[in-house]
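Everything in the sequence shown is counted per this note's numbering, starting at 635 for the first residue and increasing by one.
Using N, Cα and C, we set each Cβ at its ideal position, and we do this for glycine too.
Computed from a predicted model, the values in this text were never measured in an experiment.
Scroll down for the structure; my scribbles are underneath it.
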Amino acid sequence: MKRLFLFIVLLFITGMFSSCKKWLSVQPEDQFTQDQIFTSTTGTQQALNAIYLQMGDNKLYGAYMTMVFPEILAQQYNIIASSHTLGPITTYTYVDEKSVIFTEAIWTKAFAAIAGVNNFLNGITVNHVLTAEQDSVLRGEAYGLRAYLHLDMLRLFGPVYASADSTALSIPYYRNISTNFNPYLPANKVMDSIEADLAEAARLLKNDPVIVWGKGGNPAANSDPFFQNRNYRMNYYAVKALQARTYMYRGNKTGAYDAANEVITNAQAKFPWITTTALTNDKDNPDRIFSSELLFALQSVNMYSNYNTYYAPSLTDANILAPTDARLKTTFEDNSNDFRYTYLWFYPSVGSKSYRTFYKYADVVKDTMRFRYMMPMIRISEMYYIAAECATDATTAINYLNTVRYNRNLVNLANTVTLRTELTKEYQKEFIGEGQLFFYYKRINRSTIPNGTSTASITMTNAKYTAVKPSSETNFH
């Protein structure tokens, strides 16, 4: 057990060193030390950047934890168990080799990134090279990232929190760099730690440049570029949004509503809704990920090779990730006005596909497009869904949903609709390819979910909602 965790720590440090060759080239590659990294402002900033890059790896949020594994679990695609290369995953056979490939990689990469966060926090504590303002922002980002990673490990590998399993053993929580493996904690204790990290992150980020300047950061010529492009970082509003997601998962509707409403009230103007212009004026470079709305995004340098691996129309039916045409029409209620349908799903112009394929992550022509390589992590629309779910009266709740619908080019819902039904429809439409729907189903402990291959439903159980930890972890506990 100790040996595996030490390997994870060394894996992070090795990756950080290899990504920082340019600024550490004054020493032979095998002589880099932690002191060299954290005794300069540039080195410290690069160390934090290394964690973001690690999170964007294909085996974590670059693909596995976003567009692939949780989306298959949510039955978003037409995957026939007997013929598709990823078929066993859709049956929740977590011990099958296909599933283990994903769970092993996700677990290892996530906890390696957590080890990196703890190493970073230790490094900036021991080496005082940052100004107070710099230290506060970077430290706040790190606390937020640690909470984000632990929450997702809990959501994937932990019990169904909404059931009586909230006190069941779940995952470990790591606050310090260590060669020891921490014990599995009850799920509610993990949530306590996540909430504590987010509270500290919010406190440290109270002067985040995003609050005054928005996602671009301070545009002044002498402004540090590191504190710009705040939507690529765990900024203050991303932390508040993550608080809302966390409280919602725990069932604390008051806390979730307050956090979500703070983001809606103060951040909406800084993270504006996608416009028709952004989708249509430059036909070769449409903003299909609705990048202006992303409170937090990672850079996935392999995004377009991943598109070719999972979504390209040239793929065979046994390899492509795509829903049936009937399922897609049902999801979007066959409404061609919806931006999420009209601009993200197309019948291929070449080949023999008789169904629409997913173009959300298809490449654009210009290398200079700011949204190129952005992997969505938190959308502002999620805050409206959370606020709707937590609102104390039906009119207010539906108004939150209607705000999102209006900005997706849809007509308003009547106040008489069933909120849960409409909210579920929105989650099914909004987050395709981003890995959020399965966790919504798990959070509300939905007893049945639509089948990806037919019009039938799948009966869900706690076992189906709980991924099995990899044997490389459990063998030593």
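Just the Cα atoms here: how many angstroms apart are residue i and residue j?
i            : j            : result
residue 658  : residue 676  : The pLDDT assigned to residue 658 is 28, lower than 50, so where the model puts this residue is not dependable, and the model offers no usable value.
residue 829  : residue 776  : 14 Å
residue 870  : residue 985  : 46 Å
residue 845  : residue 892  : 17 Å
residue 834  : residue 874  : 11 Å
residue 1063 : residue 790  : 21 Å
residue 1004 : residue 995  : 14 Å
residue 765  : residue 853  : 20 Å
residue 805  : residue 993  : 35 Å
residue 921  : residue 839  : 29 Å
residue 1076 : residue 1099 : 6 Å
residue 923  : residue 843  : 24 Å
residue 941  : residue 949  : 10 Å
residue 911  : residue 899  : 25 Å
residue 666  : residue 1082 : In this prediction, residue 666 scores a pLDDT of 47, lower than 50, which makes its location untrustworthy; the coordinate-derived value is nonetheless stated afterwards. C-alpha separation (whole angstroms): 53 Å.
residue 1104 : residue 731  : 11 Å
residue 976  : residue 827  : 42 Å
residue 1016 : residue 681  : 30 Å
residue 902  : residue 888  : 21 Å
residue 820  : residue 798  : 12 Å
residue 860  : residue 1038 : 32 Å
residue 1112 : residue 814  : Residue 1112 is absent from the model: the chain starts at 635 and stops at 1111.
residue 1102 : residue 1006 : 34 Å
residue 792  : residue 917  : 43 Å
residue 1089 : residue 979  : 20 Å
residue 969  : residue 958  : 16 Å
residue 761  : residue 961  : 55 Å
residue 966  : residue 758  : 48 Å
residue 803  : residue 1095 : 18 Å
Sort out for me which residues DSSP pairs residue i with in a bridge.
i            : result
residue 933  : 1008
residue 979  : 992
residue 1091 : 1084
residue 1013 : 928
residue 803  : 820
Report buried or exposed for residue i, applying the criterion of at least 16 other Cβ atoms within 10 angstroms of its Cβ.
i            : result
residue 635  : Summary for residue 635: the model assigns pLDDT 41, below 50, so the residue's position carries little reliability; its value from the coordinates is reported in the next sentence. Exposed is the call here.
residue 952  : exposed
residue 1000 : exposed
residue 810  : exposed
residue 904  : buried
residue 704  : buried
residue 767  : exposed
residue 831  : buried
residue 1054 : exposed
residue 981  : exposed
residue 1023 : buried
residue 722  : buried
residue 1045 : exposed
residue 817  : exposed
residue 729  : exposed
Assign residue i to one of three DSSP states: helix, strand, or coil.
i            : result
residue 928  : strand
residue 906  : coil
residue 1146 : Missing from the structure shown is residue 1146; the chain here goes from 635 to 1111 and no further.
residue 974  : helix
residue 1096 : helix
residue 820  : strand
residue 832  : helix
residue 967  : coil
residue 1054 : helix
residue 868  : coil
residue 758  : helix
residue 1103 : coil
residue 1068 : coil
residue 837  : helix
residue 711  : coil
residue 679  : helix
residue 811  : coil
residue 923  : coil
residue 786  : helix
My assumption, with CB atoms under 8 Å, is that residue i sits in contact with residue j. Please give the rounded CB distance.
i            : j            : result
residue 894  : residue 1032 : At roughly 16 Å, the Cβ-Cβ gap does not stay under 8 Å, so residue 894 and residue 1032 are not in contact.
residue 1043 : residue 973  : 5 Å
residue 872  : residue 774  : At roughly 10 Å, the Cβ-Cβ gap does not stay under 8 Å, so residue 872 and residue 774 are not in contact.
residue 850  : residue 863  : 7 Å
residue 933  : residue 690  : 5 Å
residue 747  : residue 685  : 6 Å
residue 1079 : residue 794  : 5 Å
residue 714  : residue 720  : Incorrect: roughly 10 Å between the Cβ atoms, too far for contact.
residue 711  : residue 956  : 6 Å
residue 1035 : residue 1047 : 6 Å
residue 788  : residue 824  : 5 Å
Residue i CB to nearest chain B CB: under 9 Å?
i            : result
residue 1099 : Annotation note: the requested chain B is absent from the structure, which comprises a single protein chain.
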